[in-house]
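Right, one structure below, let's go through it.
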Amino acid sequence: MRAYEIIEGEGVDSIALRDRPAPVARQGQVVIDVKACSLNFRDLNVIRGGYGGTDKPFGSIPLSDGAGIVAQIGDGVTDVSVGDRVSPAFMPGHLDGPLTAEKQAGSLGAQVDGMLAEQVALPASGIVKIPDHLSFAQAATLPCAAVTAWYALFVGGALKPGQTVLLLGTGGVSIFALQFAKLSGARVIITSSDDAKLERARQLGADDTINYRNTPDWHDAVLALTGGQGADIAVEVGGPGTLNKTLQAVRFSGSISLMGVLTGFEDKVDTLSILRKNIKVQGTYVGSVAVMREMVRAIDVNRMQPVVDRVFGFDDAADALRFQESGGHFGKVAISLE
Ligand SMILES: NC(=O)c1ccc[n+]([C@@H]2O[C@H](COP(=O)([O-])OP(=O)(O)OC[C@H]3O[C@@H](n4cnc5c(N)ncnc54)[C@H](OP(=O)(O)O)[C@@H]3O)[C@@H](O)[C@H]2O)c1
Numbered sequence: 003m004r005a006y007e008i009i010e011g012e013g014v015d016s017i018a019l020r021d022r023p024a025p026v027a028r029q030g031q032v033v034i035d036v037k038a039c040s041l042n043f044r045d046l047n048v049i050r051g052g053y054g055g056t057d058k059p060f061g062s063i064p065l066s067d068g069a070g071i072v073a074q075i076g077d078g079v080t081d082v083s084v085g086d087r088v089s090p091a092f093m094p095g096h097l098d099g100p101l102t103a104e105k106q107a108g109s110l111g112a113q114v115d116g117m118l119a120e121q122v123a124l125p126a127s128g129i130v131k132i133p134d135h136l137s138f139a140q141a142a143t144l145p146c147a148a149v150t151a152w153y154a155l156f157v158g159g160a161l162k163p164g165q166t167v168l169l170l171g172t173g174g175v176s177i178f179a180l181q182f183a184k185l186s187g188a189r190v191i192i193t194s195s196d197d198a199k200l201e202r203a204r205q206l207g208a209d210d211t212i213n214y215r216n217t218p219d220w221h222d223a224v225l226a227l228t229g230g231q232g233a234d235i236a237v238e239v240g241g242p243g244t245l246n247k248t249l250q251a252v253r254f255s256g257s258i259s260l261m262g263v264l265t266g267f268e269d270k271v272d273t274l275s276i277l278r279k280n281i282k283v284q285g286t287y288v289g290s291v292a293v294m295r296e297m298v299r300a301i302d303v304n305r306m307q308p309v310v311d312r313v314f315g316f317d318d319a320a321d322a323l324r325f326q327e328s329g330g331h332f333g334k335v336a337i338s339l340e
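Here's what the structure looks like:
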């Protein structure tokens, strides 16, 4: 079977297609015929090297996210069958409960082999069945960006109908957060560098939009839109370059789910605003298999359609990575193996 591996090289071009032995399902495992993968900003950082201070994982299969059909089951597997349509969780060993270093170390597509392969073998306990109404490309977008957005709003943020959510940019996490927030009856304020993307966000239900390129003081615009109060919850995908403005844009006793590194990994933080306004800043690292199952049920019941901007072929994976890196996308970018 064919699989991409991370190799020496410059930037996102450092992947190469290789032949590997076809995997076999061992005790407790399933083998999945991968039908689609999706890309996350994290995949760019892993392939470029230096993500979170870790070494570039030479020889690993990249990409955390994919979906496909169960082709084999190992001994002891009872709740998954051959032929099931499934997607593995981002951290298949993080079944439930609080995150630990051990659970995090099993995340796919970095030190542990990921999904950009024709077949993968994974523990059956970390596999989630996907809704019938989703294409494989749509289902492949769920493990990282969607679970992170769900966790940020409903676990870290405890979002309630009628509250105001602030979203930054129109990438994968933010567009899932927009869809989930609207499902739950919240008001959404979203920013983007591109007016055409803001129009697409309005079509998905965004209530208010701000072009952060034309309005560098976008935090003041958020305050103006909320009667001077600020948003209840912010999904912070920007990181150090946006966090201090987000602290201005949320209300007293509001919360920020912090997961993003789009602007880097460290800078000065306005700690005074955090304490003076009683803001809860919740670190977020995707979510467990149980959280993914809860989210998938909501997507199924509501027939929600994940937004896939472009689908590339398996042989064009490097083009897909370059497109993701350009920031030209709205929502998600996928790779099809069908
Ligand atoms: N910790 C976790 O669990 C976790 C999980 C998932 C993602 N993340 C992180 O969350 C971030 C988003 O991930 P993603 O996969 O959704 O990324 P993505 O799809 O690549 O998002 C790219 C978009 O982000 C927006 N953006 C870039 N710089 C911005 C800025 N300074 N201010 C506002 N928006 C900006 C742009 O939107 P416009 O084109 O509309 O301007 C850009 O198109 C990344 O840092 C990723 O590593 C963390």
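Under the working numbering, the first residue of the sequence shown is numbered 3, with each subsequent residue one higher.
Where is the CB? At the ideal position from N, CA and C, for every residue including glycine.
None of the values given here were measured: they were computed from a predicted structure.
- In this structure, valine 48 has its CB at a distance of at least 7 Å from all heavy atoms of ligand 1.
- Of the other Cβ atoms in all chains shown, fewer than 16 fall within 10 Å of the Cβ of asparagine 216; this residue is therefore exposed.
- With a cut-off of 7 Å, the C-beta of serine 259 is classified as distant from ligand 1, since no heavy atom of the ligand falls inside that distance.
- In this structure the segment 144-158 touches the segment 279-298; the number of beta carbon pairs closer than 8 Å is three or more.
- Judged by beta-carbon spacing, isoleucine 276 lies beyond the 8 Å limit of glycine 256, meaning their Cβ atoms are not closer than that value.
- Remark: the C-beta of threonine 150 is in contact range of ligand 1, defined as less than 7 Å to any heavy atom.
- At a threshold of 7 Å, asparagine 42 counts as near ligand 1, since its beta carbon sits closer than that to one of the ligand's heavy atoms.
- Looking at the DSSP output, glycine 330 sits in no beta bridge, so it has no partner there.
- Annotation for leucine 264 indicates a beta carbon within 7 Å of some heavy atom of ligand 1.
- Glutamine 231 is positioned such that its CB atom lies no closer than 8 Å to that of leucine 124.
- Shown here, proline 90 sits in a strand according to DSSP, grouped into three states.
- Counting along the chain, arginine 189 sits inside the beta strand (DSSP E) bounded by residues 189-194.
- Secondary structure at aspartate 115: coil, using DSSP grouped into helix, strand and coil.
- The beta-carbon separation of aspartate 272 and leucine 249, rounded to 5 Å, stays under the 8 Å limit for a contact.
- For glycine 243, the CB falls within less than 7 Å of some heavy atom of ligand 1.
- According to the DSSP assignment, glycine 174 belongs to the alpha helix (DSSP H) that extends over 174-185.
- With the rule of 3 Cβ pairs closer than 8 Å, the segment 167-184 does not count as touching the segment 96-107.
- If you ignore the 5 residues before and after proline 163, its C-beta comes within less than 8 Å of the C-beta of Ser186, Gly187, Ala188, all in its own chain and listed in chain order.
- Taken atom to atom, the span from the alpha-carbon of phenylalanine 92 to that of isoleucine 75 is near 20 Å.
- In this structure, ligand 1 has a non-hydrogen atom nearer than 7 Å to the beta-carbon of cysteine 146.
- Comparing alpha-carbon positions, the option among Phe138, Lys279, Ala223, Val283 lying closest to valine 313 turns out to be Phe138.
- Checking the 7 Å criterion, the Cβ of valine 157 is out of range of every heavy atom belonging to ligand 1.
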